[in-house]
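K.L.:
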Ligand code: HEC
Ligand code: HEC
Ligand code: HEC
């Protein structure tokens with residue numbers, strides 16, 4: 001509450017400043033960052049590829065709606081922000097837009113009526129994209145997407161967030177440096193990876209923390225907080241950088257496989273990341289997947305192992321259950337003893353979880369995620385872990401790995417006290433070191449989970 005209040009006060013102050021600034025300073029759109037000939041045309045397929053890499057579809061398509069016709073609600077603490085129709089319909093879409101208008105939306109966050117866009121549209125990241133990609137994308141949207149007439153519901157946030165001109169002041173704070181890509185000192189592959197991660201992929205929108213003004217804290221490699229971990233709704237998007245991050249312990253090949261399929265030898269993606277994989281990353285070429293993986297592994301100057309050219313080829317699958325390692329041995333031994341006086345958490349794990357995640361906590365490659373050293377299990381906030389236990393989880397389905405993997409939820413089977421004991425057990429098992437979870441924490445998450453599920457049941 002205190003945080004919201006201080007944000008509010010800051011926004012009001014900023015709003016006043018912005019009102020003054022608006023009187024004196026006309027808006028100057030950012031010019032193209034590459035000079036292209038007037039008759040320049042992107043090669044066939046490039047625009048669609050850029051659309052996949054930047055995942056426009058995910059936000060601009062309503063549930064069950066026509067592609068790109070908008071009307072998907074994006075929840076924010078201030079109210080729902082409705083995404084725009086970006087099909088080439090002349091009246092309700094962007095059919096009559098010029099390239100300059102489109103660039104202003106992508107780079108400066110200015111909409112078709114000259115209005116400031118809410119940063120739910122990730123222009124904080126798209127502004128690093130090259131003119132050639134922006135133009136390829138614009139041509140694709142204008143010529144290859146079906147025009148759909150769809151008047152999208154107007155966004156009306158609570159005061160003072162309904163005053164869009166306040167966003168102009170916010171932009172001065174939030175948008176650091178020039179709207180152009182700054183390549184790192186690296187080889188072509190690293191630079192391509194950096195370009196995709198910083199720009200189109202907008203990974204920082206979830207994986208960077210937020211400032212007090214809710215701007216992304218770290219949008220490019222040179223920012224020290226870039227990709228050091230963030231929250232998406234109540235979910236954690238783990239740090240991808242720093243020695244404690246799991247990505248830094250995976251091989252380059254494993255990172256690329258995770259992006260392409262949402263799974264690798266250690267982890268299975270769920271929630272928002274499953275959607276990123278399903279809608280966007282699975283369409284990336286092997287070369288681009290490897291480039292992003294290499295960039296992530298080497299962004300702080302580390303050496304990286306070389307990955308095979310083809311990503312996530314189905315190899316012979318080992319059916320041997322991974323044995324517990326040194327750190328996990330004591331926990332595995334306790335579970336194997338199946339002794340009647342085992343602590344409650346351990347007993348619940350053995351009865352409900354060990355069939356898939358095993359007594360070793362190591363899971364099975366590409367099927368059951370490892371719980372030992374798992375960022376979600378160890379999270380400072382235990383909410384996501386409790387939520388997965390209550391609700392279950394499901395992995396993305398991709399062309400390379402078509403099968404959805406599903407874990408059922410335990411909300412109906414376990415009480416709050418039992419879930420607390422179980423969650424505390426996995427947070428301390430196999431050498432994991434994280435705080436205990438209380439019954440009241442679980443009951444809060446349960447209320448949330450039930451509230452989320454309610455509208456679906458009503459349908
Ligand atoms: C994370 C969600 C998200 C993603 C990803 C996203 N957008 Fe948006 N976009 C929005 C929202 C929400 C709005 C409306 C913002 C507002 O009303 O202020 C918007 C607004 C726009 C507008 C302004 C339309 C108008 O009528 O003024 C354009 C153009 C646009 N987006 C294009 C794109 C393109 C192209 C992509 C892919 C490169 C993309 N968006 C990706 C959420 C997103
Ligand atoms: C819409 C939010 C969102 C975006 C955008 C996003 N991620 Fe994620 N990412 C998440 C969440 C949430 C998780 C945790 C998934 C889980 O718990 O299974 C995650 C997990 C990951 C992981 C596994 C980390 C670990 O320790 O288990 C990697 C690697 C990753 N993301 C890379 C990326 C890259 C690279 C991009 C940009 C191309 C990206 N993500 C874009 C939300 C996002
Ligand atoms: C039938 C097999 C099965 C059982 C039983 C099972 N799980 Fe899972 N679990 C899975 C699968 C498959 C996933 C991957 C789904 C995903 O993350 O998309 C998963 C994911 C998870 C995750 C998320 C990991 C991450 O990094 O995102 C956690 C935590 C977890 N399980 C804990 C448990 C606990 C605790 C129990 C016992 C209450 C349990 N599981 C029982 C199959 C199972």
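In the UniProt record's numbering, the protein residues as written are 1 to 459. Yeah, the Cβ is synthetic: ideal placement off N, Cα and C, and Gly gets one too. Source: prediction; values computed, not measured.
Starting from the C-beta of residue 370, find all residues in its chain whose C-beta is less than 6 Å away, skip the five residues before and the five after it, and write them out in chain order.
P.N.:
Start at 1 with the first residue of the chain shown, and residue 370 comes out as number 370. These residues qualify, in order along the chain: 266, 362 and 363.
K.L.:
How do the stretch 210-228 and the stretch 167-174 stand: do at least 3 beta-carbon pairs fall below 8 Å, yes or no?
P.N.:
Contact between the stretch 210-228 and the stretch 167-174 is present, because at least three Cβ pairs lie under 8 Å.
K.L.:
Quick check on residue 457: does DSSP put it in helix, strand or coil?
P.N.:
As a position in the chain shown, residue 457 is number 457, starting the count at 1. Because the pLDDT of residue 457 is 38, which lies under 50, any placement of that residue in the model is unreliable, and the number read from its coordinates should be weighed accordingly. Note: residue 457 maps to helix in three-state DSSP.
K.L.:
Whose CA, out of 116, 191 and 243, lies closest to the CA of residue 165?
P.N.:
To locate residue 165, count along the chain shown from 1; it is residue 165. Of 116, 191 and 243, the residue nearest in Cα terms is 116.
K.L.:
Going by alpha carbons, who is nearest to residue 127 out of 209, 287, 244 and 54?
P.N.:
Within the chain shown, the letter at position 127 stands for residue 127. Checked all of 209, 287, 244 and 54; the closest Cα to residue 127 is 54.
K.L.:
How is residue 73 classed by DSSP in three states: helix, strand or coil?
P.N.:
Residue 73 sits at position 73 when you count from the first residue of the chain shown. Three-state result, residue 73: strand.
K.L.:
Counting only runs of 3+ residues fully inside the stretch 6-42, write out the beta strand (DSSP E) ranges in chain order.
P.N.:
If we require 3 residues or more, the stretch 6-42 turns out to have no beta strand (DSSP E) run fully inside it.
K.L.:
In its own chain, which residues sit with a C-beta less than 8 Å from the C-beta of residue 457, not counting the 5 before and 5 after it?
P.N.:
Position 457 of the chain shown, counted from the first residue, corresponds to residue 457. For residue 457, the predicted structure reports a pLDDT of 38, less than 50, and the residue's modelled location is therefore unreliable. The matter cannot be settled from this model.
K.L.:
With residue 231 and residue 239 assumed to form a contact (beta carbons below 8 Å), what rounded beta-carbon distance in angstroms separates them?
P.N.:
To locate residue 231, count along the chain shown from 1; it is residue 231. To locate residue 239, count along the chain shown from 1; it is residue 239. Not really, about 12 Å apart at Cβ, beyond 8 Å.
K.L.:
Restricting to runs no shorter than 3 residues, where is the beta strand (DSSP E) found entirely within the stretch 45-133?
P.N.:
Complete beta strand (DSSP E) runs here, min 3: 73-76 and 79-82.
K.L.:
Relative to the alpha-carbon of residue 359, which residue among 430, 249 and 391 has its alpha-carbon at the smallest distance?
P.N.:
On the chain shown, position 359 is the one that residue 359 refers to. Of the candidates 430, 249 and 391, the one whose C-alpha sits nearest the C-alpha of residue 359 is 430.
K.L.:
Identify, in the order they occur along the chain, each residue of the same chain with its Cβ nearer than 6 Å to the Cβ of residue 37, setting aside the five sequence neighbours on each side.
P.N.:
Against the chain shown, residue 37 aligns to sequence position 37. Cβ neighbours of residue 37 beyond the five flanking positions: none.
K.L.:
Rounded to the nearest angstrom, how far is the Cβ of residue 86 from that of residue 68, given a contact under 8 Å?
P.N.:
Residue 86 sits at position 86 when you count from the first residue of the chain shown. Residue 68 sits at position 68 when you count from the first residue of the chain shown. Between residue 68 and residue 86 the Cβ distance is about 5 Å, and since that is below 8 Å, they are a contact.
K.L.:
Return the CA-CA distance between residue 66 and residue 181, expressed in angstroms with no decimal places.
P.N.:
Residue numbering aside, residue 66 sits at position 66 when the chain shown is read from its first letter. Residue numbering aside, residue 181 sits at position 181 when the chain shown is read from its first letter. Spanning the two alpha carbons is a distance of roughly 33 Å.
K.L.:
Looking at the secondary structure, which residues open and close the beta strand (DSSP E) in which residue 231 lies?
P.N.:
As a position in the chain shown, residue 231 is number 231, starting the count at 1. Per DSSP, residue 231 belongs to the beta strand (DSSP E) from 230-232.
K.L.:
List the DSSP bridge partners of residue 268.
P.N.:
On the chain shown, residue 268 is found 268 positions in, with the first residue counted as 1. Bridge partners of residue 268: 263.
K.L.:
Take the Cβ of residue 43 as the centre, count every other Cβ of all protein chains shown within 10 Å, and call the residue buried at 16 or more, exposed below.
P.N.:
As a first step, residue 43 must be located in the chain shown, where it is residue number 43. Residue 43 is exposed by the Cβ-count criterion.
K.L.:
Using the rule of at least 16 other Cβ atoms within 10 Å of the residue's Cβ for burial, across every protein chain shown, is residue 337 buried or exposed?
P.N.:
Residue mapping note: residue 337 aligns to position 337 of the chain shown, counting from 1. Counting Cβ neighbours within 10 Å, residue 337 comes out exposed, since fewer than 16 surround it.
K.L.:
Please classify residue 235: does DSSP put it in a helix, a strand, or coil?
P.N.:
Here residue 235 is taken as the residue at index 235 of the chain shown, counted from 1. Residue state, collapsed to three classes: strand.
K.L.:
Under the DSSP definition of a beta bridge, which residues are partnered with residue 284?
P.N.:
By one-based count along the chain shown, residue 284 stands at place 284. Its beta-bridge partners do not exist; DSSP assigns none.
K.L.:
Within 10 Å of its beta-carbon, does residue 142 have 16 or more other beta-carbons around it, so buried, or fewer, so exposed?
P.N.:
Locating residue 142 in the chain shown gives position 142, where the first residue counts as 1. Buried: at least 16 other Cβ atoms inside 10 Å.
K.L.:
Does the separation of the CB atoms of residue 445 and residue 387 fall below 8 Å?
P.N.:
Along the chain shown, one-based indexing puts residue 445 at 445. Along the chain shown, one-based indexing puts residue 387 at 387. In contact: residue 445 and residue 387 (Cβ atoms closer than 8 Å).
K.L.:
Identify the continuous alpha helix (DSSP H) that holds residue 214 and give its terminal residues.
P.N.:
Here residue 214 is taken as the residue at index 214 of the chain shown, counted from 1. It is not in any alpha helix (DSSP H) - residue 214 carries neither H nor E in the DSSP assignment.
K.L.:
Alpha carbon to alpha carbon, how far is residue 307 from residue 416? Give it in angstroms, no decimals.
P.N.:
Walking along the chain shown from the start, residue 416 turns up at place 416. Walking along the chain shown from the start, residue 307 turns up at place 307. Approximately 44 Å, taken between the alpha carbons.
K.L.:
Rounded to a whole number of angstroms, what is the C-alpha to C-alpha distance between residue 285 and residue 400?
P.N.:
In the chain shown, residue 285 corresponds to position 285, counting from 1. In the chain shown, residue 400 corresponds to position 400, counting from 1. Whole-angstrom Cα-Cα distance: 12 Å.
K.L.:
Could you check what DSSP says for residue 394 in three-state terms: helix, strand or coil?
P.N.:
Locating residue 394 in the chain shown gives position 394, where the first residue counts as 1. Correct three-state label for residue 394: strand.
K.L.:
From the DSSP output, which residues share a beta bridge with residue 407?
P.N.:
Against the chain shown, residue 407 aligns to sequence position 407. Answer is 393, bridged to residue 407.
K.L.:
If I'm right that residue 152 touches residue 30 with Cβ under 8 Å, what's the distance once you round it to whole angstroms?
P.N.:
Taking the first residue of the chain shown as position 1, residue 152 is located at position 152. Taking the first residue of the chain shown as position 1, residue 30 is located at position 30. Not confirmed; about 26 Å, so no contact.
K.L.:
Have a look at the DSSP bridge pairing and note the partners of residue 368.
P.N.:
Taking the first residue of the chain shown as position 1, residue 368 is located at position 368. DSSP output for residue 368 lists 364 as bridge partner(s).
K.L.:
Taking its Cβ as the centre, do 16 or more other Cβ atoms sit within 10 Å of residue 353, making it buried, or is it exposed?
P.N.:
Position 353 of the chain shown holds residue 353. By the neighbour-count rule (16 or more Cβ atoms within 10 Å), residue 353 is buried.
K.L.:
Do you know offhand how far residue 357's Cα is from residue 150's?
P.N.:
To locate residue 357, count along the chain shown from 1; it is residue 357. To locate residue 150, count along the chain shown from 1; it is residue 150. Each residue's Cα considered, the two are about 46 Å apart.
K.L.:
Closer than 7 Å: is that where the CB of residue 272 sits relative to any heavy atom of ligand 2?
P.N.:
Taking the chain shown and counting its residues from 1, the one referred to as residue 272 is at position 272. It does: the Cβ of residue 272 is within 7 Å (strictly closer) of some heavy atom of ligand 2.
K.L.:
Answer yes or no: do residue 311 and residue 274 have a C-beta to C-beta separation smaller than 8 Å?
P.N.:
If you number the chain shown from 1, residue 311 lands on position 311. If you number the chain shown from 1, residue 274 lands on position 274. No; because the gap between Cβ atoms is not below 8 Å, this pair is not in contact.
K.L.:
Taking residue 83 as the reference, which of 89, 77 and 73 has the closest Cα?
P.N.:
In the chain shown, counting from the first residue as 1, residue 83 sits at position 83. Of the candidates 89, 77 and 73, the one whose C-alpha sits nearest the C-alpha of residue 83 is 73.
K.L.:
For residue 105, which residues of its own chain have a beta-carbon under 8 Å away from its beta-carbon, when the five flanking residues on both sides are left out?
P.N.:
Here residue 105 refers to the residue found at position 105 of the chain shown. Correct list, in chain order: 111, 112, 117, 121 and 123.
K.L.:
Taking 8 Å as the cut-off, does the stretch 286-293 touch the stretch 187-205 (at least 3 CB pairs, one atom from each stretch)?
P.N.:
At 8 Å Cβ cutoff, the stretches touch.
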